[in-house]
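Working notes, beginning with the structure itself.
Numbering (full-length UniProt numbering), first residue to last: 1 to 231.
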C-alpha cells in the first residue's frame, strides 16, 4: 500500500485508522451506559437526555465542530481546564478523535439500545428475585444477550469515525500529518490541480474500509448471535 499511496496519502489513512479506533474505544463504554439508561431506566428529563444523545445526528457537522471548539478550544472553559492538566484537543489528532467520537456516539447508542430493548425484561427480573445486584444482572444476563448489537454498534461507530469530516475540520482544521484525516485529504486533493488521482485512490480506500466494516459487522453479529442462542 505504501508504494501505491504517496506519503501524505498514507499519513491520512494511518491517522484516520488511529482516530477511528480511539474514538470507538473511548465512546463504547459511554454508549453502553447511555443505551441501558434510555432502554431500562425511568428518570426526570429522560426525553431531554434522549434528544441530547441524538443531537449530533440532526445538527450540521460544522455546528457540532464549532461547539466543540467553543468548549474544548484553548480559550474554551473545558479546554483551559484540561490544558492545565496537559490535555489538549484543539488542532491535535486527539481533537479529531473527540470530534469523531461525538459524531459516532448516537449511532452506537441506537444500535445497542435496540439490542437491550429486545431482551425480555422478565429474564432480568428473575435474576433480581434471586438477589443479584443491577451491575451483576447486566454483566451476566443482559450483556451476553446484547453482544450482537454491541459488536454491530462498535463497528458502525468505527466506520462513522473513519468518514467524519465536517466536525473534524471545523474543530482541528486540516493539518497534514497532524489532523488531516482521510476525508480531509480527499477534500484537499480535490482543491489542487492534478490531485484527482490521489483523491480517487483515497475514495477507493474509503469504500473498501466502509464495506469491510459493514460486512464484518454482519458476520461477527451473526456468529455472536448464534453462540448466544446456542448457549
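Cβ coordinates follow ideal geometry from the N, Cα and C atoms, glycine included.
Nothing here was measured: the structure is a model prediction, and the numbers come from that model.
- Residue 127 and residue 18 have their alpha carbons spaced roughly 40 Å apart.
- For the pair residue 153 and residue 104, the CB atoms are not nearer than the 7 Å cut-off.
- Distances from the CA of residue 109 to each of 170, 55, 219 were compared; the closest alpha carbon is that of 55.
- In this structure residue 217 is buried. Its beta-carbon is surrounded by 16 or more other beta-carbon atoms within 10 angstroms.
- Closest in alpha carbon position to residue 171, among 30, 141, 26, 64, is 64.
- The residue among 197, 209, 36 with its C-alpha nearest the C-alpha of residue 6 is 197.
- Taking all protein chains shown into account, residue 80 has fewer than 16 neighbouring C-beta atoms within 10 Å of its C-beta and is therefore exposed.
- Non-local beta-carbon contacts of residue 111 in its own chain, meaning distances under 7 Å to residues more than five positions away in sequence, involve 149, 152, 153, 156 in chain order.
- Remark: fewer than three beta-carbon pairs, one from each stretch, lie closer than 8 Å, so the region 43-55 and the region 161-178 are not flagged as touching.
- If you draw a 10 Å sphere on the C-beta of residue 93, you find 16 or more other C-beta atoms in it, and that means buried.
- DSSP places residue 163 within a helical segment (H, G or I) once states are collapsed to three.
- Contact between residue 71 and residue 78 holds, since their C-beta atoms are separated by about 5 Å, short of 8 Å.
- Distance from the CA atom of residue 120 to the CA atom of residue 45, rounded to whole angstroms, is 25 Å.
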